[in-house]
Each structure stands twice: as C-alpha cells, then as structure tokens.
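Numbering of the sequence shown is given in my numbering, commencing with residue 6 and proceeding in unit increments.
Note that the Cβ used here is the ideal one computed from N, Cα and C, for glycine as well.
These figures come from a predicted structure and were not determined experimentally.
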Amino acid sequence: MAGMAAIWSSGVQTTLAGPYSVAAGINNAGQVVRYKTDASVQIQATVWTDGIPNQLGSLGGPSSVAFDINNLGQVVGWGSISVASQHASIWKGTTITDLGSLGGNSLAASINDFGVIMGNSLVSGDFSHATLWNGNSIPVDLNNLMDSSGIGWTLTSANGVNNLGYIVGSGYNSLGQQKGFLLTPCESFTTLPWSGVAPVPGPLVCGGLPGLVFAGAILAWWRRKELTSFSL
C-alpha cells in the first residue's frame with residue numbers, strides 16, 4: 006500500500022496528496038515540504054500549501070527532494086542534474102537555484118529565516134563534509150569555520166540551523182567515534198592554522214543578525230560541543 010504524508014493540527018489529521026508522499030519540514034504558516042512521486046514514479050520536491058501540492062522541479066534531471074522550508078517560504082533540498090548527479094538547491098517560489106558543492110553531490114538540509122543554509126557535500130568519492138551556504142550559491146566547508154574546539158574532529162553533515170545560528174549535525178573524532186554535535190557562534194575570531202583558511206575581516210560575531218551574515222560575507226566561526234554518541 007502506498008504511503009501518504011499527513012499533517013496534524015489540534016488532533017485532526019489531514020492527508021497530503023500522493024500517490025506516495027513523505028513530509029519533512031513545516032513553517033509557521035503550515036506549509037509542508039518533502040517529496041511525492043508523480044505518474045512516472047519519479048521523486049519530486051513538493052510544497053503543500055493548505056493541503057494543495059505544488060511540485061518544485063529539478064536542475065534538469067529526473068528528480069528532486071525538499072528537506073526544509075523557512076518562514077519566508079524558501080525551500081531547500083536537492084535537485085538532480087542527471088540520474089547520477091545532484092546538487093543542493095534552493096527554491097523561491099518555483100524558481101530553483103543550484104547551490105553547488107565542494108566537489109561531488111551535495112544536499113541542503115536546513116534553512117533559517119536569515120537565509121543561512123546547512124547541509125553536506127561530497128569532497129572526494131563518498132567522503133562528506135558539513136557545508137554552509139550563505140544565500141550566495143558559494144558552498145563553504147564548515148570544518149574551516151570552527152575554533153580550537155574543532156581540533157581532531159571532522160564534521161560530516163549539518164542537519165539543522167536556527168535563527169540564533171546554532172547548528173546541529175554529525176561527525177567523528179580523532180578516534181573514529183561518530184558523534185552528534187552542537188555548534189554555537191563564537192564571540193571573537195580565532196586563528197585556525199590547521200585549516201589553511203585565514204580569518205575573515207569584519208566585526209566580531211554575535212552582533213547584528215545573529216552575527217552570522219554581514220554584507221554577504223560569512224563572518225562567524227563556531228564552537229563545537231559533543232551531543233551524544235550514535236550509530237549509523
């Protein structure tokens with residue numbers, strides 16, 4: 006039996022159109038995103054508004070998936086370029102923008118109301134790094150934006166970002182142990198000699214809108230905190 010996504014409000018369930026559908030993100034207006042299959046059984050990124058589905062399209066390939074929607078109605082996920090290639094994408098209405106990658110396939114998992122996007126990107130083969138996009142279609146390796154708490158850690162995926170700039174995701178430490186992480190914006194810049202990335206000039210983070218973005222440049226560095234162990 007085909008499964009169908011649903012939304013619950015005050016204990017009342019409303020089924021979202023299929024024939025097979027999955028829901029993953031919702032904003033304050035009740036818009037829901039993820040994907041549904043079409044007549045050709047291709048997965049299509051979809052936003053449901055008042056229960057009405059609207060397919061969002063891809064980057065020219067056969068399929069797409071949406072993971073999150075913010076309160077401005079901006080949707081992020083991935084769009085396929087071909088059967089074997091996909092890139093992180095953002096939809097504004099039905100207009101899709103390719104967010105690029107660090108090297109291979111990529112996906113965008115979360116977007117906050119300031120347009121800061123988190124996800125992951127393959128850097129070589131099947132090796133994934135947590136990735137940040139700042140609304141300018143330029144992917145940045147999140148591993149290069151940590152203070153000294155990041156020494157010995159590799160962040161492989163960033164799954165969520167809130168309006169305060171807090172980021173959650175997963176990675177592994179120098180012992181190869183897989184862990185969940187919480188990143189919080191630092192109060193000042195720190196030199197990261199092991200990253201090969203020079204500090205970005207500008208005001209201290211934690212000021213403005215929440216110190217993450219200023220004049221289109223990424224100005225924040227983050228402090229890592231281990232959340233819990235888990236297995237994939």
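Cβ-Cβ separation, residue j to residue i (assumed contact under 8 Å), whole Å
i      : j      : result
Ala135 : Gly105 : In fact, because the Cβ distance is near 15 Å, the residues do not count as touching under 8 Å.
Gly155 : Ser129 : 20 Å between Cβ atoms; not a contact.
Asn178 : Gly157 : 6 Å
Pick from the options that is closest to residue i, judged by C-alpha positions
i      : options                           : result
His92  : Val81, Thr99 and Gly98            : Val81
Ser87  : Gln79, Ala163, Gly65 and Ile74    : Gly65
Ser53  : Asp73, Ala113, Leu147 and Leu187  : Before going further, note that residue 53 is Trp rather than Ser in the sequence given. Of the candidates Asp73, Ala113, Leu147 and Leu187, the one whose C-alpha sits nearest the C-alpha of Trp53 is Asp73.
Gln49  : Ser69, Gly35 and Ile31            : Ser69
Gln5   : Ser63, Gln79 and Pro67            : In the structure as shown, the chain begins at 6 and stops at 237. Residue 5 is therefore absent and cannot be evaluated.
Cys191 : Gly176, Gly165, Thr161 and Leu150 : Leu150
Ile31  : Asn117, Gln47 and Thr99           : Asn117
Asp152 : Thr51, Thr189, Asn59 and Leu180   : Thr189
Val121 : Pro67, Gly181, Tyr171 and Gln47   : Tyr171
Own chain residues within Cβ distance below 8 Å of residue i, not counting five before or after
i      : result
Ser111 : Trp83, Gln91, His92, Ala93, Leu104, Gly105, Gly124, Asn125, Ser126, Leu127, Thr136 and Pro144
Gly176 : Ala135, Trp158, Thr159, Leu160, Thr161, Ser162, Gln183, Lys184 and Phe186
Asn76  : Asn32, Asn33, Ala34 and Asp118
Gln47  : Pro67 and Ser68
Test: residue i CB closer than 7 Å to a CB of chain C
i      : result
Ile143 : The chain labelled as chain C is not found in the depicted structure, where only one protein chain is given.
Local conformation of residue i per DSSP, three classes
i      : result
Asn149 : helix
Gly174 : strand
Gly108 : coil
Ser87  : coil
Gly185 : strand
Met6   : The predicted model places Met6 with a pLDDT of 36, which falls under 50 and marks its position as unreliable, so this point remains unresolved.
Ser154 : helix
Thr51  : strand
Gln79  : coil
Asn164 : strand
Ser115 : strand
Asn59  : strand
Pro144 : strand
Leu127 : strand
Ala71  : strand
Ala290 : The shown model of the chain, from 6 to 237, leaves out residue 290, and the question about it has no answer.
Pro190 : strand
Neighbourhood of residue i by C-beta, 6 Å cutoff - its chain only, sequence neighbours within 5 removed
i      : result
Ile101 : Gly62, Gly84 and Ser94
Gly165 : Ser115 and Val173
Ala29  : Arg39 and Phe72
Asn59  : Val52
Contact set for residue i: own chain, Cβ-Cβ below 7 Å, skip 5 residues either direction
i      : result
Asp146 : Leu107, His134 and Thr136
Lys97  : Gln79
Leu180 : none
Phe132 : none
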